[in-house]
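Residue numbers (this note's numbering): 127 to 1013. Using N, Cα and C, we set each Cβ at its ideal position, and we do this for glycine too. Written below as structure tokens is the structure these notes are about.
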């Protein structure tokens, strides 16, 4: 009975437990059913009912809510672990680049080297500059060679928790996330280690603004964690200091210390270290040589010092003392940074352009190999020519700058066929105090009359129905008729008007009024066409600044400003027979990994017809046409053995000259030279032939020595020149394009001239001095007045001034015959040109000795003959008398 009772009791207990569980489960199910039954039937209303704040709070603080929270947290942790693992696996391919030694190796590639295109005598490329700071020092130094002030200042301002975190800052990330919610950009939160990774791996990539930069930011953090695992804190800080940008071309703390203070980084003082530590946050603004950023730089330096105090690296007294030090007054001059640079203006121009194209980060980081277009041989010759011009002890140039009143100059030489700049001087000397470092070849300066060939290029291009065509023989009269249209008195420096001279002469003599008429006519046919053509030919900066855009017709004679390099390229377009090519100064840019970032391409576009370019070149190379200015064979305007097309120019200020120019070109090279003052002070002489001395020296050497040696110019037969395009018309010795319609532009006519003065005959001109000459009659497009042009050297714009009514005339006595000789007595106030005897229709030339004229009497004359004697002086005045053979 006992056993049975025990078994029954055990079964009862089990049954009771099961019953209780079932009862509890049934109770929970019943409660859940009752809860669900109490909810609204509609799904939306049911959701809103559940989301009531009181019910939500009640749920999450209930047992069910706690269990749900634990489940969600567990799943989130699992997803995070899986995501981080996947990201580390994905970016594993990049981790080899930060292995010990590899990261340091990357940091060392910070020197950028600039080379010329070929080098001396066409040999290996010559090194122009190593962009690494001042002096021959290592850019990457050991940590023991970096001042402790520098390390402490950097940590204090960039990452105060550097020695506490493992590569990323959680607080920084949260702070950044909060800021980014409002700004929509990914920024801030970077540790010093992350900045190092960014500088080494992501400097060439676009900005991380916006959520598109999130993947890069994740990669950056992963690499930062790995860097922290592989390197100790001291090594990471050393790498960061050796890699960071310190303004302009300074990469690494050693470069910055040497450049700005002339000391090694281990010898930096507290104020110097604080200033350097301030720069990497914004190197372009905080560059100590950026005057506009000085206030901001000093403010940040003070912030660095205050942060060092907060982090207990220095005392407040030390910080206050450092703030008092006039650190900007003790910077090394900027010019000192380029002591060993070749072609400094050119190289700095190249660097600036690359910063715009490739980005300041890429250029500033360094490690580039840049092959430029410069030819060092031509560059050296150009610099030597400038040295001679401004050397007061040079007997060939003594006193020229002083007498003429200019203190500065600039020149640009371009390879005509490629558009590549082969030489450049931006000032009289890069080391000259005050303005030597300024590049005047890039400055906006009025070009004076050197703009006129580009203006006439548009005029010659005029063609089509209803348009008058023009060539070198066309006439735009140099007269006093444009002042009303021009809006101000218009004349030349000589205050003269030369009348109906043709374009060849008006351009060669640089007359203003015909050039203004040329623009007026072009723009009447096609509004704005002249400036559009000037820009399209390469002078893209002309009339683009401020009031220049409203210059109007004054732009036809240099009333606007432009950059010398652009003006030179506009002329080079003429030298390419009307083909424009973008001007270039870089052949190739390669980074430290061997990747080509930029390479020169030969691009071109036909802007003006080859016939127009040829006619313009023919005019500008006509040494006889410009002889009225400086005579024939004026060196520089004319170069022995090197045919060039040349134009002079002068700009003025208040009626006084302030700039003098020469621009010259051949099929091989184009060159422009400016002389003037950086403050636009007026000159004492506006002799625009002075730059020709530099033009002549450089172009003669460049053609005969450099380009002839490279096969780019043939010295045979006076040198390479342009081939005349088919279609050009030659009318009366002048050149016209194929579309020139003679009936529109001129008609044939005849005028009577004086043989002596070669000007139009007057009533006072003796008959013997008169000659009828064929001329072309043209009608001025502005005044509608007729003008006449002779191709035989006669001037149809002026009247005979060699003769005056009432001038004394020569006389001759009655001729007589004695002993077979005809004799007559001559009286004249001027030299006698000839004496003739006329007998029976036959003229006999007499010989004059003193006041006696004699000639043999014909022996076959048997009867008495009448003899007429005529004397003519050197002005073609005559006197006559008669006699007979019986005397």
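- Residue 914 is bridged by DSSP to 903.
- DSSP places residue 742 inside the alpha helix (DSSP H), whose first and last residues are 736–746.
- Per the C-alpha coordinates, the member of 914, 572, 830 and 475 positioned closest to residue 843 is 830.
- If you ignore the 5 residues before and after residue 688, its C-beta comes within less than 6 Å of the C-beta of 573, 665, 667 and 668, all in its own chain and listed in chain order.
- A contact between stretches requires three or more CB pairs, one per stretch, nearer than 8 Å, and the stretch 814–829 meets this requirement with the stretch 793–805.
- Assignment of residue 536 by DSSP, reduced to helix, strand and coil, places it in the strand class.
- Per the coordinates, the alpha-carbon of residue 274 lies some 19 Å from the alpha-carbon of residue 385.
- Distance check between residue 792 and each of 770, 699, 579 and 783 places 770 closest, using alpha-carbon atoms only.
- Around the beta carbon of residue 291, 16 or more other beta carbons sit within 10 angstroms, so the residue counts as buried.
- In the structure shown, residue 809 falls within a coil segment according to DSSP collapsed to helix, strand and coil.
- Between residue 545 and residue 609, the alpha-carbon positions lie close to 39 Å from each other.
- Between residue 597 and residue 863 a beta carbon distance of about 6 Å is seen, short of the 8 Å cut, so the two are scored as contacting.
- In this chain, residue 797 is not harboured by any alpha helix (DSSP H); it is covered by the beta strand (DSSP E) spanning 795–802.
- Between the beta-carbon of residue 576 and that of residue 684 there is about 7 Å, and that keeps the pair under the 8 Å contact cut.
- Residue 431 and residue 489 have their C-alpha atoms spaced approximately 30 Å apart.
- Under DSSP, the beta-bridge partners assigned to residue 855 are 862.
- Within the stretch 419–450, no run of beta strand (DSSP E) reaches 3 residues while sitting entirely inside it.
- Burial check for residue 710: the Cβ neighbour count within 10 Å reaches 16 or more, so the residue is buried.
- A direct Cα-Cα distance of roughly 6 Å separates residue 902 from residue 873.
- Rounded to the nearest angstrom, the Cβ distance from residue 255 to residue 467 is 4 Å, consistent with a contact under 8 Å.
- Residue state for residue 204 is assigned as helix, using DSSP reduced to three classes.
- Taking the Cβ atoms as the reference, residue 294 lies roughly 13 Å from residue 322, outside the contact range of under 8 Å.
- Where residue 284 is concerned, the enclosing alpha helix (DSSP H) starts and stops at 274–284.
- Between the C-alpha atoms of residue 707 and residue 713 there is a straight-line separation of about 14 Å.
- Membership of residue 1010 in the beta strand (DSSP E) is indicated by the continuous run 1004–1010.
- If you ignore the 5 residues before and after residue 629, its C-beta comes within less than 6 Å of the C-beta of 598 and 600, all in its own chain and listed in chain order.
- At a Cβ-Cβ threshold of 9 Å, residue 395 and residue 451 count as neighbours.
- For residue 714, the uninterrupted beta strand (DSSP E) run begins and ends at 712–716, by DSSP.
- Around the beta carbon of residue 728, fewer than 16 other beta carbons lie within 10 angstroms, which makes this residue exposed.
- Distances from the alpha-carbon of residue 410 to those of 525, 377 and 189 put 377 closest.
- In the structure shown, the three-state DSSP call for residue 791 is strand.
- Counting C-beta pairs closer than 8 Å gives three or more between the stretch 906–926 and the stretch 879–886, which meets the contact rule.
- Taking every protein chain shown into account, the CB of residue 520 has fewer than 16 other CB atoms within 10 angstroms, so this residue is exposed.
- For residue 783, the number of other beta carbons within 10 angstroms of its own is at least 16, and it is reported as buried.
- Note on residue 442: under 16 other CB atoms within 10 angstroms of its CB, so exposed under the neighbour-count rule.
- If you compare the alpha carbons of 810, 550, 981 and 286 with that of residue 785, the shortest gap goes to 810.
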